[in-house]
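Going by the working numbering, the letters in the sequence shown line up with residues 62 to 579, in that order.
Ideal Cβ placement from N, Cα and C applies to all residues, glycine included.
Before any comments, here is the structure.
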Amino acid sequence: MYMKHIRNKITIVFLSALFLCPLVSCEDWFGIVPDSDMVLEDFWKKKADVLSGIGACYRAMNEDAFMRRLIVWGEVRSDNMIPGKSTEDNLSYMLSANINASNEYARWGCFYTVINYCNTVIKYAPQVMEVDPDFSQTELDSYIAEAKAIRAFCYFTLVRTFKSVPYIEEAYYDDSRPFLKEQSTDEEVLKALMADLEATANSLPLTYANDLYTRGRITRKAVWALMADIALWQNDYKRCIEYCDEVISNTENPLALERTSTYFRSVFFNGNSDESIWELQFDNYTSNSALNDLYGSSNNDAKLSSYDYRTTGTSQLFTSDDVRARNAFVEKDGFIMIKKYIAYLPNQNIETVREADFIYGTGINNWIVYRLPDIYLMKAEALVELGGGENLQQAIELVAYSYDRANPDLEPGSLVGRYSSQEQLRNLVFDERQREFLYEGKRYFDLVRRMRREGTPSDVINTYLISKYIAMNLDRNTVISKLNDVDAIYMPIHNDEIKVNTLLKQNRFYEVSKDITK
62 MYMKHIRNKI TIVFLSALFL CPLVSCEDWF GIVPDSDMVL EDFWKKKADV
112 LSGIGACYRA MNEDAFMRRL IVWGEVRSDN MIPGKSTEDN LSYMLSANIN
162 ASNEYARWGC FYTVINYCNT VIKYAPQVME VDPDFSQTEL DSYIAEAKAI
212 RAFCYFTLVR TFKSVPYIEE AYYDDSRPFL KEQSTDEEVL KALMADLEAT
262 ANSLPLTYAN DLYTRGRITR KAVWALMADI ALWQNDYKRC IEYCDEVISN
312 TENPLALERT STYFRSVFFN GNSDESIWEL QFDNYTSNSA LNDLYGSSNN
362 DAKLSSYDYR TTGTSQLFTS DDVRARNAFV EKDGFIMIKK YIAYLPNQNI
412 ETVREADFIY GTGINNWIVY RLPDIYLMKA EALVELGGGE NLQQAIELVA
462 YSYDRANPDL EPGSLVGRYS SQEQLRNLVF DERQREFLYE GKRYFDLVRR
512 MRREGTPSDV INTYLISKYI AMNLDRNTVI SKLNDVDAIY MPIHNDEIKV
562 NTLLKQNRFY EVSKDITK
């Protein structure tokens with residue numbers, strides 16, 4: 062419950078080591094364990110306190126519960142995921158389309174914790190200018206914009222997961238303010254987010270002095286990427302293209318696709334690659350425990366495994382030489398084990414890849430929010446939906462960037478001439494997004510976006526989702542009966558949230574009684 066985090070007084074995460082000791086590196090700022098809690102009235106005195114408050118927002122996104130939900134909400138209900146070797150009950154229920162309002166992944170508290178930190182920075186940072194002459198208006202505007210962008214990312218994720226959610230802009234820090242808030246519609250929330258981002262985006266830097274900050278903190282390009290994503294969700298294709306073009310055309314903070322030979326190691330294993338726009342930073346202070354628990358580590362005791370996308374099966378998602386299939390997963394003991402992020406394949410020339418051919422890290426892998434292929438493929442999707450010969454041709458060219466990199470044995474431009482109709486191009490972009498962003502927390506949201514656009518979940522269920530459930534030996538008709546409802550594509554609100562906040566209304570599909578105690 063998000064309320065439990067904000068009672069009595071707000072405890073701002075104070076990353077004091079960064080500011081008090083010049084020997085602490087910038088890497089530590091994203092992951093160092095907080096060493097003290099600061100009472101509100103004792104805190105907002107100097108510029109360093111504002112940066113520390115921003116650090117608290119990032120640090121809260123490193124928490125296990127937050128990261129776990131980025132993965133679970135974005136992947137588990139998609140056609141990518143089936144049970145792993147040690148799947149626990151809450152995940153099993155989600156994987157088998159058997160979700161109710163007592164499922165732990167229906168809790169959203171960790172997201173509202175981040176939102177409250179952002180709201181606190183937005184509310185109290187301006188008063189620092191009154192007491193610290195070294196804190197400029199330009200710096201204040203940048204920090205406020207950064208907090209609003211982090212908050213927008215959290216709300217956008219909540220809207221895609223739950224649809225209607227409470228939209229809170231106030232900072233809660235004691236019991237003097239009521240903890241009851243009704244939901245806003247998804248349209249209302251997204252409209253507010255876009256207005257915030259449009260008003261503040263230009264206050265953000267395109268780069269920071271340190272490259273780690275440029276990849277690990279919100280930049281103007283990260284905001285443009287987020288705005289393009291929101292616009293695409295709203296079916297506002299022209300605005301999506303405009304924001305994608307801002308990212309592509311701006312020469313500051315240049316972005317470039319990594320080479321085929323180093324793609325997986327540079328982008329996912331090492332992190333902060335040349336194509337990265339924004340990724341959550343993990344280090345020796347803060348390991349990415351959620352990623353390693355869900356996807357596994359060198360002992361392969363993973364809670365999740367992948368649907369079998371190998372070309373020897375029924376699916377032809379990948380060509381036989383696609384480097385993404387060779388690097389992202391591998392078969393072992395009857396499971397398709399996920400290797401993206403947690404391991405890399407040092408020898409790309411192995412004819413038959415086995416699990417033992419991968420090298421594992423130490424569990425500190427970053428989590429990528431946006432990278433350059435996001436921009437190419439969001440723009441391609443928007444162009445396809447707008448239609449017209451020139452738009453469709455440009456969409457093919459954009460898809461080719463990631464497709465050609467992953468298939469170096471094919472002639473460049475091999476996609477040209479193979480697709481002509483809008484529907485063919487729509488499916489090409491959709492499939493390429495799945496190939497490129499496999500296991501990156503995007504697939505289920507892609508499916509939902511398509512279901513929303515089509516006005517019914519039926520085609521997506523029958524074309525994409527049902528094969529996963531059949532592979533899990535679940536009854537086809539039973540699964541369809543659980544999924545074929547426009548409200549079933551979202552998560553329920555946890556029972557405990559409704560008990561605490563009596564103004565909340567349960568998602569219709571999951572509503573069993575007006576009295577949730579029954």
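T539 is classed as exposed because its beta carbon has fewer than 16 other beta carbons within 10 Å across all chains shown. Using a C-beta cut-off of 8 Å, the region 443-461 makes contact with the region 478-486, since at least three inter-stretch Cβ pairs fall below that distance. Taking a cut-off of 8 Å for Cβ pairs, the region 528-542 and the region 149-159 touch, as three or more such pairs fall below it.
Contact check for Y204 against V111 passes: the beta carbons are separated by less than 9 Å. DSSP lists I399 as the bridge partner or partners of F390. Counting along the chain, the unbroken alpha helix (DSSP H) around Y505 starts and ends at 504-515. Remark: three or more beta-carbon pairs, one from each stretch, lie closer than 8 Å, so the region 103-121 and the region 175-195 are flagged as touching.
Residue pairing by DSSP places Y431 opposite W339 in a beta bridge. Of E493, L565, Y571, R569, the smallest CA-CA separation from S245 is found for L565. Per the DSSP secondary-structure output, A404 pairs in a beta bridge with Y421. When DSSP states are grouped into helix, strand and coil, S528 belongs to the helix group. If you look at L131, you'll find it in the alpha helix (DSSP H) that goes 125-132.
Closest option to S463, judged by alpha-carbon separation, among E472, G478, E442, P434: P434.
Around the beta-carbon of Q342, 16 or more other beta-carbon atoms lie within 10 Å, marking it buried.
If you keep only unbroken alpha helix (DSSP H) runs of at least 4 residues inside the region 113-197, you get 125-132, 150-156, 170-189.
CA-to-CA, the gap between F329 and G422 works out to about 11 Å. For L471, the secondary structure class from DSSP, reduced to helix, strand or coil, is coil. With contacts defined by Cβ atoms closer than 9 Å, V189 and R212 do not form a contacting pair.
Listed in chain order, the non-local C-beta contacts of R466 below 7 Å within the same chain comprise L318, T321, Y324, local neighbours out to five positions each way being set aside. Remark: C-beta atoms of D140 and Y368 approach each other more closely than 9 Å. Per DSSP, reduced to three states, the secondary structure at S225 is coil, with no helix or strand assignment. Contact check for R371 against L499 fails: the beta carbons are separated by 9 Å or more. Secondary structure note for L365: its beta strand (DSSP E) is the uninterrupted segment 365-367. By alpha-carbon distance to K224, the top candidate from E200, G116, I279, A167 is A167. Y228 and C215 have their C-alpha atoms roughly 11 Å apart. Taking the C-beta atoms as reference points, I541 is found no nearer than 9 Å to I550.
Per DSSP, the continuous alpha helix (DSSP H) segment holding S350 begins and ends at 350-356. S327 sits in a helix when the DSSP states are folded into three classes.
Looking at the DSSP output, S245 shares a beta bridge with V226.
Assigned with DSSP and collapsed to three states, Q483 falls in helix. Taken atom to atom, the span from the alpha-carbon of I411 to that of I397 is near 18 Å. For S542, the enclosing alpha helix (DSSP H) covers residues 537-544. Of all C-beta pairs linking the region 252-267 to the region 279-292, three or more are shorter than 8 Å, placing the two stretches in contact. For S310, the enclosing alpha helix (DSSP H) covers residues 298-310.
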